[in-house]
Amino acid sequence: MPSPESRKSKYQTQFQPLMSRCKDMVLVYVSALLTELFANTDKALMSFAQKAENDLMQNRFFEAISLIRNRHGLVEHEFREQISAGFDNFWARKRDSDPFSDLSSDIELELVDDDSMDQTTAIENMVSKATIGHRSQLYALSQRLAVINGGEAIEKNRTPASPQHLVNAFASAIDSLGLESNIKLIVLALFNKYVLQQLGSLYEDFNNNLKDAGVLPHLRHTIRNPQAAGQRGGKDGSTQQTEDQNAVTSEQDLGEELFDSIIGLLASRRGSPPHRHSTARPSVS
Numbered sequence: 025m026p027s028p029e030s031r032k033s034k035y036q037t038q039f040q041p042l043m044s045r046c047k048d049m050v051l052v053y054v055s056a057l058l059t060e061l062f063a064n065t066d067k068a069l070m071s072f073a074q075k076a077e078n079d080l081m082q083n084r085f086f087e088a089i090s091l092i093r094n095r096h097g098l099v100e101h102e103f104r105e106q107i108s109a110g111f112d113n114f115w116a117r118k119r120d121s122d123p124f125s126d127l128s129s130d131i132e133l134e135l136v137d138d139d140s141m142d143q144t145t146a147i148e149n150m151v152s153k154a155t156i157g158h159r160s161q162l163y164a165l166s167q168r169l170a171v172i173n174g175g176e177a178i179e180k181n182r183t184p185a186s187p188q189h190l191v192n193a194f195a196s197a198i199d200s201l202g203l204e205s206n207i208k209l210i211v212l213a214l215f216n217k218y219v220l221q222q223l224g225s226l227y228e229d230f231n232n233n234l235k236d237a238g239v240l241p242h243l244r245h246t247i248r249n250p251q252a253a254g255q256r257g258g259k260d261g262s263t264q265q266t267e268d269q270n271a272v273t274s275e276q277d278l279g280e281e282l283f284d285s286i287i288g289l290l291a292s293r294r295g296s297p298p299h300r301h302s303t304a305r306p307s308v309s
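Residue numbers (the numbering used here): 25 to 309.
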C-alpha cells in the first residue's frame, strides 16, 4: 500500500497542470474584479472628501486618491503575485512556506491600538461573511482539492482563491501604499463590495474545471440554507446580496454605502460595538 507521501507525489504529478490552468482562470477573474474596484476608488474617496469636517482631513483623502491613482498598478501586480504564490505552494506541507498565513492572526498578536483592532475585525468579518455567502461552492471545492492533495483535507487558510486567501493577498498588497488606517478601511470595504461579493461564478468555474477533469464529478454540494429558503428563483445568499447591494449603489451615495458596510464589518463576533471614530466617515470626529 503506497504511503501518503508517495500518493500525494503521484497526485501532484497528475494534477499540477490542472491546478496551473485553474490558477490562470482565477487570475483573469480576480484581475477584472480588481480593475472594477480601482475604477470606483476615486468616486468613493471623493465622496468622503466632500463631506470632510475640515481641510486637513479633506486633503488626506485627496492625497490618497492621487497615491492610489499612481500606484494601483503596483498593488494589482502584488495581489496577483500573492494569488500565484498560493497556487504554486498548494502542495507545500510546511506552514513556514505557506503564503496563506493568516494576516489577521499576525495583527492580533500585535494589538496596540483601536486602529489595529478595527483592521483585524474587518478582515475577519469579511472572510466570515464571504465564506458563509459562498459556502456551498467552497464546500465542494474543499472536497475536490482534498482528493488532489492525496486524500488529505485542506486547511481553510490553505485553500487557493478562498476568501481568506484573497483578503490576505489584498491586505498585503495595499500595505505598500502606507494608507492611513481609516482610509485603508474604506479600501477594504471596496474590496468586500467589488471582489468578495462577486465570487460565485469564480467558484462555480473552479469546481467545474476540477469536475470536468474527473475529480469527484458526481459530488453534490448543495447545502441547505434556511435563511435562503424564501428567496425566489433559487438564488443563493451571495447572489441576492450582490443584487441588493448593486441596487443600493444606484440609489445612494457610494460613500454612505461604504460607511454602512464598514460599520457592519467592525461589529465583532462577540457583538461589541465598533469604534465609530475609526470608521473614517467624514461627519464623525
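Note that beta-carbon positions come from the ideal geometry of N, C-alpha and C, so glycine has one too.
Considering only C-alpha positions, which residue in the set the options is nearest to residue i?
i	options	result
glutamine 40	Ile198, Asp236, Ile172, Ala177	Ile172
valine 99	Asp139, Gly224, Gln38, Ala193	Ala193
methionine 43	Phe111, Glu105, Ala63	Phe111
alanine 116	Gln38, Ala63, Ser33	Ser33
glutamine 188	Glu176, Ser160, Ser152	Ser152
aspartate 48	Gly97, Glu179, Arg84, Arg104	Arg104
For residue i versus residue j, is the C-beta spacing smaller than 9 Å?
i	j	result
threonine 65	isoleucine 92	yes
phenylalanine 230	valine 50	yes
leucine 223	leucine 169	no
phenylalanine 86	alanine 73	yes
alanine 63	leucine 203	no
CB-CB under 8 Å to residue i, same chain, minus the five flanking residues each way: which ones, in chain order?
i	result
serine 285	Ala213, Asn216, Lys217
leucine 135	Annotation note: pLDDT 44 at leucine 135 (below 50); position unreliable, no value reported.
Within its chain, find whatever has a CB closer than 7 Å to the CB of residue i; leave out the 5 residues flanking it on each side and keep chain order.
i	result
leucine 61	Leu214, Phe215, Tyr218, Val219
leucine 162	Thr155, Ser186, Tyr227
glutamine 82	Ala73, Ala76
phenylalanine 114	Met43, Pro184
aspartate 79	none
isoleucine 178	Ser166, Leu169, Ala170
Can you round the beta-carbon distance between residue i and residue j to whole angstroms, since I take them to be within the 8 Å contact cut?
i	j	result
glycine 288	lysine 75	With 8 Å as the limit, glycine 288 and lysine 75 do not qualify as a contact, their Cβ atoms being about 20 Å apart.
serine 205	glutamate 102	About 20 Å separates the two Cβ atoms, so there is no contact after all.
leucine 57	threonine 145	Their Cβ separation, rounded to whole angstroms, is 23 Å, which puts leucine 57 and threonine 145 out of contact at 8 Å.
leucine 226	alanine 164	That pair is no contact at about 13 Å.
aspartate 236	serine 71	Wrong, their Cβ atoms sit about 44 Å apart, outside the cutoff.
Could you tell me the distance, in whole angstroms, from the CA atom of residue i to the CA atom of residue j?
i	j	result
methionine 150	serine 90	26 Å
serine 140	leucine 209	11 Å
alanine 197	asparagine 94	14 Å
glutamine 221	valine 239	26 Å
glutamine 143	asparagine 181	18 Å
histidine 242	glutamine 167	12 Å
isoleucine 11	arginine 244	The structure shown does not extend to residue 11, since the chain is modelled only from 25 through 309, so no value can be given for it.
alanine 109	alanine 195	15 Å
tyrosine 35	serine 160	25 Å
serine 30	histidine 158	33 Å
valine 211	glutamine 38	40 Å
glutamate 148	glycine 174	30 Å
glycine 97	arginine 84	21 Å
threonine 59	valine 52	11 Å
Excluding sequence positions up to five away, which residues of its chain have a Cβ less than 6 Å from the Cβ of residue i?
i	result
arginine 119	Caution applies to arginine 119, whose pLDDT of 48 falls short of 50 and renders its modelled position unreliable; the model cannot decide the point.
asparagine 233	Cys46
glycine 257	Model confidence at glycine 257 stands at a pLDDT of 37, short of 50, so the residue's coordinates are unreliable and nothing is read from them.
glycine 254	Annotation note: pLDDT 37 at glycine 254 (below 50); position unreliable, no value reported.
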